[in-house]
Structure formats: structure tokens, C-alpha cells
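Written out below as C-alpha cells is the structure these notes cover.
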Amino acid sequence: MEKVIELSYALDTFYLLMSGALVMWMAAGFAMLEAGLVRAKNTTEILTKNVALFAIACVMYLLVGYNIMYPAEAVNSVWPGISFLLGADNEAAEIIKLNGDADPDNNSTYSNMADFFFQVVFVATAMSIVSGAVAERMKLWAFLAFTVVMTGFIYPIQGFWKWGGGFLDGLGFYDFAGSGVVHLCGATAALAGVILLGARKGKYDKDGAITPIPGCNMPLATIGTFILWMGWFGFNGGSQLIISDVANANAVAMVFVNTNAAAAGGVISALIAAHILFGKADLSMVLNGALAGLVAITADPASPSPLLATIIGMIAGVIVVFSIITVDKLQIDDPVGAISVHGVTGIWGLIAVCFSNKDATIVAQLIGIASIFAFVFITSFATWYALKMIMGIRVTEEEEYHGVDYSECGMEAYPEFTDSSKV
Amino acid sequence: MEKVIELSYALDTFYLLMSGALVMWMAAGFAMLEAGLVRAKNTTEILTKNVALFAIACVMYLLVGYNIMYPAEAVNSVWPGISFLLGADNEAAEIIKLNGDADPDNNSTYSNMADFFFQVVFVATAMSIVSGAVAERMKLWAFLAFTVVMTGFIYPIQGFWKWGGGFLDGLGFYDFAGSGVVHLCGATAALAGVILLGARKGKYDKDGAITPIPGCNMPLATIGTFILWMGWFGFNGGSQLIISDVANANAVAMVFVNTNAAAAGGVISALIAAHILFGKADLSMVLNGALAGLVAITADPASPSPLLATIIGMIAGVIVVFSIITVDKLQIDDPVGAISVHGVTGIWGLIAVCFSNKDATIVAQLIGIASIFAFVFITSFATWYALKMIMGIRVTEEEEYHGVDYSECGMEAYPEFTDSSKV
Amino acid sequence: MEKVIELSYALDTFYLLMSGALVMWMAAGFAMLEAGLVRAKNTTEILTKNVALFAIACVMYLLVGYNIMYPAEAVNSVWPGISFLLGADNEAAEIIKLNGDADPDNNSTYSNMADFFFQVVFVATAMSIVSGAVAERMKLWAFLAFTVVMTGFIYPIQGFWKWGGGFLDGLGFYDFAGSGVVHLCGATAALAGVILLGARKGKYDKDGAITPIPGCNMPLATIGTFILWMGWFGFNGGSQLIISDVANANAVAMVFVNTNAAAAGGVISALIAAHILFGKADLSMVLNGALAGLVAITADPASPSPLLATIIGMIAGVIVVFSIITVDKLQIDDPVGAISVHGVTGIWGLIAVCFSNKDATIVAQLIGIASIFAFVFITSFATWYALKMIMGIRVTEEEEYHGVDYSECGMEAYPEFTDSSKV
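Residue numbers (my numbering), protein chains in the order written: chain A, 177 to 599; chain B, 177 to 599; chain C, 177 to 599.
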């Protein structure tokens, strides 16, 4: 009998680790998506940001974030345990959390280390959302400084509210894998940054005309989307946390099917919406449609039927097309559409939970949305503002003109393909 | 004891889901392979087709395809259950299939939902084969209309013949993971389309001279091939369907080793064949050699020894080189070699089953090949022909000259790398 | 009870197969990393080398390498069993090894075939390290000839010393997943090749000035690094070999966390080091920092705490920056930094084992390092030298000037992006 329990523990641990590896892979997806949608002269810098933010997220979450989000002892349901930050002896608690031992007394059914691994790659996802929205004009080091605050503090605090046992969990707010906790959180931090940063030069002229700035490498954007799609099977599929019995295995399988169905629905509706609006099969809208479907289903991929999941994705695909157009008209310059994809359709996903999940209430969902948005917007805005005062967050006009690759990284992404006279 | 059965169910479900995720990843492989082998001016469109066909395949297979291929009640062994299509109350049957519950009475050993997920990504693979062959001159919307018919009806009907319990299964036709059901099927649909579509302008001149049209991005083609190679471990490895006992685990391990060995064999022989024929290490032939080995071993990756698997792959690598040259001489314009890779070496793989599998007979294999080819060719040709009459399947000469990216998608794939004066 | 043992066997087999698939995926990572860091005119050739070396490694390891590394009967602890090579009847032993049967008498806990699959992808990794260092001027066929010797003989013999039960294992040399056996081995073979080959034309002028030769495609180099990072979860995570009980599952989870932590640490320290040295956020150094962290932790990812793993990675990130600069000053021309990343930080990782692993001794580690380096350097140098005499290893000056893509592969990687007048 004991061997059976060990096997169950081993299977759940392996399942969490494979899921985490797929979520880690999403970092490559964001990097490629963003590198494909910016201009050649800003490509090296966006790649550097994506690699560096992942690394900083891992270190900050290890040092403080995980302890804040899943504290041994919370101060109250809004403010997580900060004893660690205040120097109290929290080491023992953390060691228990990080040593990976099975504690027979607390019915641990998988390695705590595997849980940590699965959580640490989530915070990197939230941060990856930000880098795309502020692309092509933000200072590299200001962005990395923001990453420290976001991954160490802002994300974990609101994450604690839901997943660490805080007040949103108590209220009955439902967010299976993070349409709110991860995607809305990332998009809100991006929005605050973009507002303080301003639009790229040449994007909007004085009388409100919008100049499209096409991405330089659509195959990169496409492989980035496929990577994210694949990684989402770990992101949503792993969020069941346990797979070792029939009920959980069925739930995980349902999550896989619905995640895929919602992405497919988003592709089809965005393709049709773009065709109606522009008369063309706009690939960037199609890619955003896939991501919109994925973000929307993330709030509850286990309850809907596959047909309903497809429809939730289809609605997300239409929403994202109109949202991108609207955000652009508001002169909020988001080069990759991250605010629409992760924020607007994240909200849609959180509301759509009520269609199929009997435990969810629209009131709780709206309180959750408002709480996450307000907290992340205020704290992010304050952080971006402080950085603007201290070190500046925007490169100079000349640096922007020549591309941030030169000024920030000292190297071109494609030295042989682009003609410097074209810049 | 009950917990042991639950664990077995969970492990098989997880194994199918991870395998399915790897097969889904093959969609990215096809997209990159094809985007790398076409010209820059047709890249956005081929990417759009690849993303959209995957989405359409998922929706059509959910709505009708899965029910046709695995009907609750078949009309007979050639014609699957169409009660659902005729409006009969098939909902109950479908709900049972899709609800993912373990039914203790039917000895279900894994989640039905996981099975559906594994199957739905297969149909997308079959369809991805087509997009490459018709690249650079087919109308986007005609292609997507064909996708609806192919993934909803043509693929599922012949799939039913073998995997749904139809007449090919009864005859003893052996096709482990789909050299015939998936690869020959896709290649045959592609052949029918290419014949009706005609060659790209400038490919063949009046006196039969062939102008090579090189692909614009070989690293993309290479990563596409590596993605397919990796995804094939899910495609073949998952087709054992069960891994939870020693015999099945050993079979899956053998499948992994042989799948890899055949791909390696295909690379080596195609490299040598190209060197002998052209005096150069032709990378596109090497990549096609890898894929040819993979397609060939798919019919039976469990029976041969690793050495025999290597040899089967090596022969496939030689066959594909000569097939590509021959198809080109016949003025059948297949920009990526899909007909040779998936069709000709698919046939080779189905015949090679007889070398190591005692249960297979050459007669049954030939009947299977002929049945799949005839059915898919006739139905595909009729579908393409109807589309040609209704909406046209080929872009105008001017659109082809300027590239389908402009006319179909309204955007360039690499706006900064290509000089529009070069077009 | 019997079913429990079968399940345990199945889970371990599945775990090894998924790990092996991730390691196979590293081949794509090396191919993309190297293709991104060379010039456009040498891209097709480096891609061809990477695909072909993987294939040759698989065939050679199947034919002789696996038998040498894990011989049925070793001659002594330095010289593995060569009876097979000498024609003795080793077939039976090999069949046992390769048939994948569970032998109840030898307590086999997973499929031997799965073990073979996991091992065969490791030898390809070792060989992939070499291709980058000799890029842009080595003859394709000379490289492939070296691949035959390296993957069939050199790698397996020193692998036997540690993992096959040879003298290094007896001495207590500790190398969990191959900082020495794989990475130092590959880097040493590369060093021997580079010394005999000489630098690329134009890299160093007569008075020692160094001309940087920038890579042509930084997004490719970045996705290559992300692929390697992801694949490393299989490389290190799978090297525990068993996951089916609590202790092993915890160990695997710890390996995942530490592998990720070390890579993150390497990114951060390389970013800072490059900023201090060059005043820029040098992306190629950041990518090498990630890889350096991964190589360093590979020697023992199970013993350190996550914090110590981060620090080991950080030190590796600094070491690799200074090593790359130093190697360049020594006029050892290594276009991708492979010798520093895999060799120098491999040595650092082997020494760092002593910080956290009580079973390791610095003496045994140094003996291991010296033995692997000496053996691989001498045998590789001899092999490269013989090839130089027999067929030449370097292309002509004119071929190098026009790019090896033309002379070796007869095709350009990016025919539409590069202007041939720029060459």
C-alpha cells in the first residue's frame, strides 16, 4: 500500500514538473512574438529584456515572492506575511517549503519543490506580458528595475489574495489558472507603464492620424504564438495540481481539450472579424485571436463543454480585434496588443466563468477584477513614476530614431539583412 | 487495489495528453517548414493558412469528424455512422464520448477526453501536409473551404475504415500511427489540389526546363523539421495508447527508439544521395530525408529492431530524393516536396511493415493503400473542382507576381529585409 | 501488488522517454544558436552539420558506442569491452540490452530501450558542442568524419569511465549529468579542432587586433538558448533515472528548480559583467551566461539549495564572460564561445560540486577533469590531424570568402535578404 502512495506522489510531482517546463517554454514564446512584432532596429533589446526578465523573476520569486504569495502565516487576508521581509525568523518556514520533503502529517501529495517550480514560471509569464507593450522606447535598465518590484512584490501580493488564501479566495472569486492573477495583472502593469511612457515617435500625428508600424518578422511572431499555445497546456493543464486519480485525470484532460478549443475559436473569429473590417486575412489579428481565446479560457478551462469553450474563445477573438483598434484610437501605443490580449480578454474570461461554473458569482468576479486592476495599476504606476523620477524610463529621441539596439545593447539583431540607410 | 486502478488510469491519461501536446506542436513544425521553403512574398499567407487550418480542423473534428471516425453505431464497415449528420439524436452518444467520465462497465483505461485530444491533433497534421504543396498560388479562402471538408468528412471517413473499426481493420491492414491514414491521406489530397491548380508561374517553361525556386529562410525550414521530429515522439509514441504495464511501456520505448533511428537513417541516406546526384550537401534534401524516415516508420515503429528501423529510414531517404526529382520532371509543382515525403514514403512505410510484422500481409497493405488513395483522391478532386467552379482556387497572375501576402493578407512577412524592387 | 510494480516500471519508463525527447530537442537548440551566431553566408552549412551530426551520432551509438560505454564485460576499468568490435559473440548481450524486456532477475526498473533512448541523445549533445567552435571554415565532410569517431569511440570510452562503471566512478569522481562527460568532453574536442584549423580570415590581424564578426540573426540565437534551457530539464532532470518513489521524485524536483536557478543566475551576472566591461547589455554574453549557468549546475543539480545553485550559476556567468574575452585574446577563434561555455564552466561546475556534496572530493574531481581533458584532447587531436592529412579539414580561402554555403551545400540560407554584393 505504501508503494502506491509513493507512486501517486511521484506521478503528481512528474506532472507538475512537466507542466512547469511547458510554462517556462512560454518565455521563449513571448520573446519570439515580441521580437517578430517590433522593428528590426529594436529586436536585440526586446530579446535581452525577455531573457533578463525571466532570470530576475526566478531570483526575486525565490528570495521573497514565493514567501509572500504562500506565507507560512499571513498578517491578514489582504496583507500577506511580511515577517520575512521585516527580518523575523521565517527561514524555517521557507526551508520546509523549499526542501521538497514529503511531510506525512500534512498529506502533501507532491513535492513542494515541484510546486515551487510550477509557481516560479508563472510569475515570469506575468512579467513577459509587460515587455511587449513598452517595446521600442523604454530604457532597458528602468524596465529591469520595474521587473524586480513586480516579480518580488506586486504579483505575489495579489496572487496571495486568490491562490495564497487571501480575501479574494474567501469571497468566492474564481480564477482557475490566472486570467486575472496572471494576465490581467500583467496587462495592468503594462497599461500603467505605457501611459507614463507615451507613444512611439511617428505613431500618432497631431490631428490624430495613426501610422501603422508593421512588425519586421512574421514567422517569428507565428512561432511565438505556437509556443505560447503549446505552453498553455502546461499553464492550464498543470493548474489542476493533481492528476493521480480518475476525477483529477478527467479534469486535466478536459482542461487540455478546452484550452485547445478556445484558442481555435479565437483564431477563426479574429480571422473573420479582420476580413470583415479590413478585407484581408490579417495574420497579426489571427495570432492575437489565438492568444485571446487562450487568455479567456484560463479563468475556467475545466467547467465548460468543448463547444462552449470554443464559443468563449470565439467571442474573445472578436473582442480582441475591436479592443486593439479602440486602444489605438485612444492613442495608447501598445506595439504588440498586450493590453487587449491579456487585459481585456482576461476580464472577459473572468466574467465568462459564470456561464458554466455554478460556484462562481458575477459579483465575486467583478470584485476580483476591480481589486486586481486597482491594486496593480496603483502600485505599478507609482513604481514606474518613481523610476521616471530617479533614472528616467524613456530613451532619447535620437536613440529611439536609430533604434534601441544600438544604444542599449550595442549590437544589431540582423546586421546583414537591414540596410542602415533605410532606418 | 482501487487506488492502483486509478493510478493506472491517471498515468495513461497523462501519457496521452503529453503525446497530444507534442503532436499539436507539429503544427508549428509544418508552419515553419513551409514558411522557410517558400519565397518571402508568400510567407505571411502560408503562416496564416497553417494557423487557420489547425483551428478549423479542431472545430470541425469536434462538431462532426470525431463522431464519424468513431461512431457510436456504424452503418456498415465502409460507411460510418451518419445518424448524427442526419439529425438523429446522437447527442447522448457524443456526450458519453466527450464527458471524460470513466465508465467502470466498459473498462475504459484512460479519459475519453484525452483520447479526443490525441485524435484531434492528428487531423490537423493531415491537413498541414496539404498547405505546403499548394503554396504560393492558391486562394486563402478556397483552401480554408477545402479544410472544412477534409477535416470534417474526408479524413474521418477513411480514418474510420482503419481506426474506427471499418473494413480495412477487418481485412488486417496494418497502420500503427498513420503512414496511410494520416500521411498518404494528406499527400493524396495535396496531389489532387496541385493537379487542378497548376504550377507556379515561371517554374516550368515551354520546353520542359525546370527553374528552381529556392526557399527564402533555411533556418526556419530546419527548426520546422526539428519540431516535427520531436513531435513525432508524441505522434508515434502516443499511438500505443496505453503505457501503464510492462509490455506496453516496453512497446512505447521501442517506438521512441525506432522513430528516432528511422529519422537518423533518412538524414544520412538523403545526404549521401544528394551528394552523389548534385555534388553538394543539399540541406532541403537532408530535411526531407529526416521527414521521409519518420513517415516510413510510422506504419509500424514497434516491430522492427532499431537496426531495421534505421534501414527502413535510409531507404525512405533515398526514395524521397528520387521521388522529388521525378515529381518535378512530371511538372507537378510541389514547393515543399509534401507529396513525395508524405505520400510516396508513406506507401513505402506501409509495405515495409511486412518485413518485421508477422500479422501484416502484403495483400492487405496494398488494398489499404489503394483504398485510401482512391477514396481521398476522388473526394478531394471533386471538392477542389467544386471550389474551382464556385469561387476559383487560384489567385490572379498579377497577385501571384506581387506575392499572395499583399493580396490575401495585406501585409509583408519581412518588410525590412526584402527590397520591393527585387520582386 | 504485481500491478504496482508494473506501474512503477511504466512511470519510470515514461519519465525517461519524455526526458530523452527534451534532450533530443536540444539538437534544435544548438542548430539555432549556431545559425544565429554565424554570418548569413555560412548558415546553411552549419544547419546541415547540426542535422547530420545528430543522425550520425544516433547510428554510431547504436552500432558501437552504447556497447562500449555500457559493456557487458569490461576488459578493465580504463578500457571498456571491445569484444564486440573484435568480432566476439556479443550479439546476445546487446540483444538483451536493446530488446527492452523487463528481466525480473536483474531488478530492471525501467525499459532498457528507454535507457538507450536517453543515452543516445546525450552523445549528440556532446557532438553539437563541437560544430559551433569550428564554424565558418571547416570542410563539411571532414567534420562528419570526425563525428563518426567522436560519437562511436571517443565519447563512449570516457563515458564508460564514469557512467559505465570505469575507474573514474571507482575513484569517487562526481558528475551527475555530464558537466565533464558531456560538456567538457565536447569542448575539448572542439579546442583540438580549432587549434589545428586556425582562425577565420580577417578575425585577427598581424599586430593582434581583433575584429568582431557579429552573428547574423540574434532571434535565432535567442530561441536556440531558450530551447537548450528547456531541454536541460530533460538533460539534468532525467539523469536521476528513477522518479517512482518519494525520495527520487523529490530529487528530480530539486534538480528542476536548481537547473532553472543556475541559468537565471548566469543571465544576471553575465548581463552585469558585460555592462561593466562594455557599457552595453550585450545579448550574446547574456545568452552565454544562461548556458554557462546550465553547464555548471549539471555536475550536481541535486545537492545545492536553490540559493546556492543561483550563486553557482552567477559565478559561471562571470567566468564565461572573462573566458570568452581571454580565449579571443589567445587568438583561439571560437565563433560561438563553445569552448568557454561548455569547457571552462564545465570545469567550474565539477569543482563547485564540492561545496554542497559531501561525497565529492576535490582530488577526485580534479583527476576526473584531467583524465577527460587529456584523453579527449589527445584522441581528438590525433583524429583531426589524421583527417587533415587525408582529406584536409579547411575550405579554400576563396570558398571561405564566398561562404561555405555555396561550396559545401550549393544553396543560400537567405537568398532574398542578403545582397550578394555585400559579401
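The C-beta atom is built at its ideal place from N, Cα and C for all residues, glycine as well.
With a threshold of 6 Å on Cβ separation, who are the neighbours of residue 377 (chain B) within its own chain once the five nearest residues in sequence on each side are excluded? The count along the second sequence starts at 1 and reaches residue 377 (chain B) at position 201. Result list for residue 377 (chain B): 576, in chain order.
Contacts of residue 232 (chain B) in chain A (Cβ-Cβ under 9 Å): One-based indexing of the second sequence puts residue 232 (chain B) at position 56. The contacting residues are 440, 443 and 444.
Paired residues, beta bridge with residue 314 (chain C) - DSSP: Position 138 of the third sequence holds residue 314 (chain C). The partner list for residue 314 (chain C) (beta bridge, DSSP) reads C:570.
If you pair each beta-carbon of the region 516-530 of chain A with each one of the region 378-398 of chain A, do three or more pairs fall below 8 Å? no
Would you give the residue range spanned by the alpha helix (DSSP H) that residue 355 (chain B) belongs to? By one-based count along the second sequence, residue 355 (chain B) stands at place 179. Here residue 355 (chain B) belongs to no alpha helix (DSSP H), and DSSP marks it neither H nor E.
So the alpha helix (DSSP H) residue 213 (chain C) belongs to, where does it begin and stop? The residue labelled residue 213 (chain C) in the question sits at position 37 within the third sequence. Per DSSP, residue 213 (chain C) belongs to the alpha helix (DSSP H) from 178-213.
Excluding the five sequence neighbours on either side, which residues of its own chain have a C-beta within less than 8 Å of the C-beta of residue 370 (chain B), listed in chain order? Counting from one through the second sequence, the residue named residue 370 (chain B) turns up at place 194. 309, 310, 508, 509, 510 and 515.
Quick one: list the residues of chain B neighbouring residue 204 (chain C), beta-carbon separation under 9 Å, in chain order. Mapped onto the third sequence, residue 204 (chain C) falls at position 28. Neighbours of residue 204 (chain C) on chain B, chain order: 398, 399, 401, 402, 403, 405 and 406.
Just mark residue 572 (chain A) as buried or exposed, buried being the case when its beta carbon has 16 or more other beta carbons within 10 Å. Here residue 572 (chain A) is taken as the residue at index 396 of the first sequence, counted from 1. Classification of residue 572 (chain A): exposed, given that the 10 Å Cβ count is below 16.
Here's the rule I'm using: 16 or more other beta-carbon atoms within 10 Å means buried, otherwise exposed. How should residue 587 (chain A) be labelled? Position 411 of the first sequence, counting from 1, holds the residue named residue 587 (chain A). So residue 587 (chain A) ends up on the buried side.
Rounding to the nearest angstrom, what Cα-Cα distance links residue 466 (chain B) and residue 396 (chain B) in this structure? Residue numbering aside, residue 466 (chain B) sits at position 290 when the second sequence is read from its first letter. Residue numbering aside, residue 396 (chain B) sits at position 220 when the second sequence is read from its first letter. For residue 466 (chain B) and residue 396 (chain B), the distance between alpha carbons rounds to 15 Å.
Residue 299 (chain C), enclosing alpha helix (DSSP H) - first and last residue: Here residue 299 (chain C) corresponds to residue number 123 of the third sequence, with the count starting at 1. It spans 288-309 - the alpha helix (DSSP H) in which residue 299 (chain C) sits, taken as one unbroken run.
Name the DSSP bridge partner or partners of residue 386 (chain B)? Here the question's residue 386 (chain B) lines up with position 210 in the second sequence. According to DSSP, which records beta bridges pairwise, residue 386 (chain B) is partnered with B:380.
What does residue 357 (chain B) touch in chain C if you count any residue whose Cβ is under 8 Å from its own? Taking the first residue of the second sequence as 1, we reach residue 357 (chain B) at position 181. Under the 8 Å cutoff, chain C gives no residues; its nearest Cβ is about 23 Å from residue 357 (chain B).
Please report the straight-line C-alpha distance between residue 495 (chain C) and residue 578 (chain B), rounded to a whole angstrom. By 1-based counting over the third sequence, the position of residue 495 (chain C) is 319. By 1-based counting over the second sequence, the position of residue 578 (chain B) is 402. Computed Cα separation, rounded: 51 Å.
Neighbouring residues, chain A, relative to residue 459 (chain B) (Cβ below 7 Å): What you label residue 459 (chain B) is simply residue 283 of the second sequence in a count that begins at 1. Near residue 459 (chain B) there are no residues of chain A at all, since even the closest Cβ is about 17 Å away, more than 7 Å.
Taking only beta carbons into account, state which residues of the region 340-364 of chain A come closer than 9 Å to chain B, listed in chain order. none
What residues of chain A sit near residue 421 (chain C), judged by a beta carbon separation below 7 Å? Position 245 of the third sequence holds residue 421 (chain C). Correct list: 182 and 186.
Got a sec: is the Cβ-Cβ distance from residue 424 (chain B) to anything in chain A below 9 Å? If you number the second sequence from 1, residue 424 (chain B) lands on position 248. No, its Cβ sits nowhere closer than 9 Å to a Cβ of chain A.
Residue 575 (chain B) at chain A interface by Cβ criterion, 9 Å: Here residue 575 (chain B) is taken as the residue at index 399 of the second sequence, counted from 1. No, residue 575 (chain B) lies away from the interface with chain A (no Cβ there is under 9 Å from its Cβ).
Using a Cβ-Cβ cut-off of less than 8 Å, list which residues of the region 372-391 of chain A approach chain C; keep chain order. none
For residue 407 (chain A) and residue 589 (chain C), what's the separation of their Cα atoms in angstroms? Taking the first residue of the first sequence as position 1, residue 407 (chain A) is located at position 231. Taking the first residue of the third sequence as position 1, residue 589 (chain C) is located at position 413. Distance between the alpha carbons of residue 407 (chain A) and residue 589 (chain C) is about 29 Å.
What does the alpha-carbon distance come out to for the pair residue 250 (chain C) and residue 338 (chain C)? In the third sequence, counting from the first residue as 1, residue 250 (chain C) sits at position 74. In the third sequence, counting from the first residue as 1, residue 338 (chain C) sits at position 162. If you take the alpha carbons of residue 250 (chain C) and residue 338 (chain C), they lie about 13 Å apart.
Residue 506 (chain C) to residue 436 (chain B), Cα distance in whole Å? Your numbering for residue 506 (chain C) matches position 330 in the third sequence. Your numbering for residue 436 (chain B) matches position 260 in the second sequence. Rounded to the nearest angstrom, the two C-alpha atoms are 40 Å apart.
Distance, Cα to Cα, residue 183 (chain A) vs residue 345 (chain C)? As a position in the first sequence, residue 183 (chain A) is number 7, starting the count at 1. As a position in the third sequence, residue 345 (chain C) is number 169, starting the count at 1. About 30 Å.
Under 8 Å from the C-beta of residue 587 (chain B): neighbouring residues of chain C: To locate residue 587 (chain B), count along the second sequence from 1; it is residue 411. What residue 587 (chain B) touches in chain C: nothing, since even the nearest Cβ is about 17 Å away.
Three-way DSSP call (helix, strand, coil) for residue 393 (chain B) in this model: In the second sequence, counting from the first residue as 1, residue 393 (chain B) sits at position 217. Residue 393 (chain B): coil per DSSP, three-state reduction.
If we define contact as Cβ-Cβ less than 9 Å, is residue 211 (chain B) a contact residue for chain A? Along the second sequence, read from residue 1 onward, the residue named residue 211 (chain B) stands at position 35. Closer than 9 Å: yes.
How about residue 297 (chain B): is its C-beta nearer than 9 Å to some C-beta of chain C? To locate residue 297 (chain B), count along the second sequence from 1; it is residue 121. Chain C contact via Cβ: absent.
By how many angstroms is the C-alpha of residue 434 (chain C) removed from the C-alpha of residue 361 (chain C)? Taking the first residue of the third sequence as position 1, residue 361 (chain C) is located at position 185. Taking the first residue of the third sequence as position 1, residue 434 (chain C) is located at position 258. If I take the Cα positions, the gap works out to 23 Å.
Comparing the C-beta of residue 192 (chain B) with each C-beta of chain C, is any distance below 9 Å? For the purposes of this step, residue 192 (chain B) is identified with residue 16 of the second sequence, where counting begins at 1. No, no contact with chain C.
Which stretch, first to last residue, makes up the alpha helix (DSSP H) that contains residue 463 (chain B)? The residue you call residue 463 (chain B) lines up with position 287 of the second sequence. It spans 459-473 - the alpha helix (DSSP H) in which residue 463 (chain B) sits, taken as one unbroken run.
Any C-beta of chain B under 9 Å from that of residue 433 (chain A): Locating residue 433 (chain A) in the first sequence gives position 257, where the first residue counts as 1. It does; some Cβ of chain B falls within 9 Å.
Answer yes or no: does any C-beta atom of chain B fall closer than 9 Å to that of residue 332 (chain C)? Against the third sequence, residue 332 (chain C) aligns to sequence position 156. For residue 332 (chain C), the answer is no, since every Cβ of chain B falls outside 9 Å of its Cβ.
At 4 residues or longer, and completely inside the region 393-460 of chain A: list those alpha helix (DSSP H) runs for me, N to C. 394-413 and 422-454
Hey, residue 409 (chain C) and residue 197 (chain A) are a contact pair by Cβ (cut 8 Å); roughly how many whole angstroms apart? In the third sequence, counting from the first residue as 1, residue 409 (chain C) sits at position 233. In the first sequence, counting from the first residue as 1, residue 197 (chain A) sits at position 21. Between residue 197 (chain A) and residue 409 (chain C) the Cβ distance is about 5 Å, and since that is below 8 Å, they are a contact.
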